[in-house]
Amino acid sequence: MDAPHRDPVRRLTLTLVLLALVVLVYVLFAQRLTPLSREGSVQAFLIRIAPEVAGKVSAVEVSDNSQVAAGAPLFRINPDPYRIALAQAEAHVSSVGQAIGADTAAVQTAQARMVQAKAARDNAADNAARVLELARRGVMSAAQRDQASATLAQAEAVLTASEADLQRARQSLGPQGEENPRLKEAMATLAKARLDLMRTTVVAPNQGAITNIQLAPGQYAAVGTPAMTFIDTGAIWITTMLDENALEYLRAGQPAEILFDVLPGRVFKARLESLGFGSAGSLGTDQSTGLLMAPSGKQAGRQFPVTLVLDEPLPRGLRYGSQATVLFYPGKSAWMEWVGGLWLRVLAQLSYLS
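Each residue of the sequence shown is one higher than the last, beginning at 153 in my numbering.
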């Protein structure tokens, strides 16, 4: 007997239905078992470079969109006014030192006078005691007794005055050594003058790139006014948004792979760094009652940020804000992860056309 004839249309239909079922099953589970996001973006720290001292720009040492090393000069402000301020501060320190030296000498002089006055008072007291005793015995006259008492009173007045002079001299001098307020103030002014002079050269805070330069030689630069933007390439990460139902099996430290649109055809190894704890989807509050307001209409699924870092050296050509496609490997299905990895590599080849 002849073999039963097989309808090719029916066979093709069954094949397509089976393929559609396989794709449907994959789509239903893939976003949970092997999440894929095409909304990734390269992130880095952006630093608005602004001068800490004001003045006229004397030189711009970098060009727009150039790479710089840590500590490399970016631009310079005319240092002449700050050199003058430093010279004045140094002169002020010398002047304060001389004044403190003079006050120290005044203290020593006042102390010597007090010692002399104390010795004179002691002598006058001894002499007055002898005269009073002799006058009591009738050996010396009352006039001599009164003279000795007057001399003692005068010596005590001189001693009191010399002690007051010594106290004033010590107060004028203040604490000795580095604790002297005038010296501390002068040294602080000197330190600030040196710091301001150093700040006339603005340097790169780290290795990175310079963009958006907004100054030129001869322009006046104000304190705190941004002059350029620095992109810190020493700390690069990738942030993508995932639907909340795709977060169930994701954990920090899990592997991932990334495709950058700016680097087509290449897939890079990465690692999940952290999962966002919140999203801008909280309910509003009724200002009149203070109660939470019920959402109106159909609510779309929330998305949460996920942060990744590369497990290999930073590739050349990667730029801040570059778009990225991210595939996560939670380790729940080896077969689906294999399919996801294959699909990511297909996208890598297709990225040449986008």
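Ideal placement from N, C-alpha and C gives every residue a C-beta, glycine not left out.
The structure displayed is predicted, hence computed values, not measured ones.
Simplified DSSP assignment, three categories, for residue i
i	result
threonine 165	helix
glycine 492	helix
methionine 153	Note that methionine 153 scores 45 on pLDDT, short of 50, meaning its location in the model is unreliable; the coordinates nonetheless yield the value given after this. Here methionine 153 sits in coil by DSSP.
serine 246	helix
methionine 292	coil
leucine 499	helix
glutamine 240	helix
proline 457	strand
tyrosine 106	Any question about residue 106 goes unanswered here, given that the chain covers just 153 to 506.
threonine 377	coil
alanine 307	helix
tyrosine 372	strand
arginine 521	Any question about residue 521 goes unanswered here, given that the chain covers just 153 to 506.
glutamine 219	strand
leucine 173	helix
leucine 411	strand
arginine 282	helix
serine 301	helix
lysine 270	helix
aspartate 317	helix
Residue environment, residue i, which counts as buried when at least 16 other CB atoms sit within 10 Å
i	result
glycine 453	exposed
methionine 153	Low confidence applies to methionine 153: its pLDDT is 45, below 50, so where it sits in the model is not reliable enough to give any reading.
tyrosine 372	exposed
glycine 376	exposed
arginine 273	buried
glutamate 285	exposed
glutamate 337	exposed
leucine 458	According to the sequence displayed, residue 458 carries valine and not leucine. Result: buried.
leucine 311	buried
alanine 172	exposed
leucine 466	exposed
leucine 494	exposed
alanine 345	buried
threonine 186	buried
valine 291	exposed
leucine 347	exposed
valine 174	exposed
valine 161	exposed
Among the options, nearest to residue i - alpha-carbon criterion
i	options	result
serine 431	Ser440, Phe456, Leu411 and Asp413	Phe456
tyrosine 472	Ala300, Ala280, Leu399 and Thr385	Thr385
phenylalanine 480	Val209, Thr392 and Pro416	Thr392
glutamine 299	Leu311, Glu315 and Asn279	Asn279
alanine 404	Leu347, Gly483 and Ala343	Gly483
glutamine 515	Lys208, Val177 and Glu308	One cannot answer for residue 515 here, as it falls past the ends of the chain, which runs 153 to 506.
serine 301	Ala277, Trp487 and Gly290	Ala277
tyrosine 504	Leu335, Asp413 and Ala281	Asp413
glutamine 183	Asn230, Gly492 and Lys270	Gly492
threonine 353	Glu204, Ala345 and Gln240	Glu204
glutamate 489	Thr341, Leu188 and Arg163	Leu188
glycine 207	Pro369, Leu415 and Gln296	Pro369
glutamate 464	Leu494, Ala408 and Gln260	Ala408
proline 233	Arg351, Asn275, Leu367 and Gln439	Arg351
leucine 487	Val161, Tyr178 and Leu170	Residue identity differs from the one stated: residue 487 is tryptophan in this sequence, not leucine. The shortest Cα separation from tryptophan 487 among Val161, Tyr178 and Leu170 belongs to Tyr178.
glutamine 240	Ala340, Gln439, Ala374 and Glu396	Ala340
arginine 320	Phe181, Thr256, Ser485 and Ala374	Thr256
Whether residue i touches residue j by CB criterion (8 Å)
i	j	result
alanine 361	serine 218	yes
arginine 235	serine 210	no
isoleucine 410	alanine 398	no
valine 402	leucine 238	Here the sequence assigns leucine to residue 402, which means valine is not the residue at that position. Their beta carbons are not under 8 Å apart, which means leucine 402 does not touch leucine 238 by this criterion.
leucine 394	glutamate 425	no
alanine 224	alanine 356	yes
threonine 200	proline 378	Residue identity check: residue 200 is arginine in the sequence provided, not threonine. Yes, these two residues count as a Cβ contact at 8 Å.
arginine 468	valine 419	no
glutamate 213	leucine 226	yes
leucine 314	alanine 262	Per the sequence shown, residue 314 should be read as serine rather than leucine. In contact: serine 314 and alanine 262 (Cβ atoms closer than 8 Å).
alanine 222	glutamine 359	yes
glutamine 501	glycine 417	yes
aspartate 216	isoleucine 365	yes
threonine 477	leucine 198	no
glutamine 195	isoleucine 383	no
leucine 342	valine 248	no
leucine 499	leucine 415	no
alanine 294	alanine 287	yes
First and last residue of the uninterrupted alpha helix (DSSP H) at residue i
i	result
lysine 336	333-350
Residue i at chain B interface by Cβ criterion, 8 Å
i	result
threonine 312	Looking for chain B here will not work: only one protein chain is present.
Range of the contiguous beta strand (DSSP E) that encloses residue i
i	result
glutamine 475	475-480
leucine 395	According to the sequence as given, residue 395 is aspartate; it is not leucine. That run of the beta strand (DSSP E) goes 380-395.
isoleucine 147	Nothing about residue 147 can be read from this structure; the chain reaches only from 153 to 506.
alanine 361	360-363
glutamate 425	419-427
valine 354	353-355
glycine 207	207-212
glutamate 464	Per DSSP, glutamate 464 belongs to no beta strand (DSSP E) and is neither H nor E.
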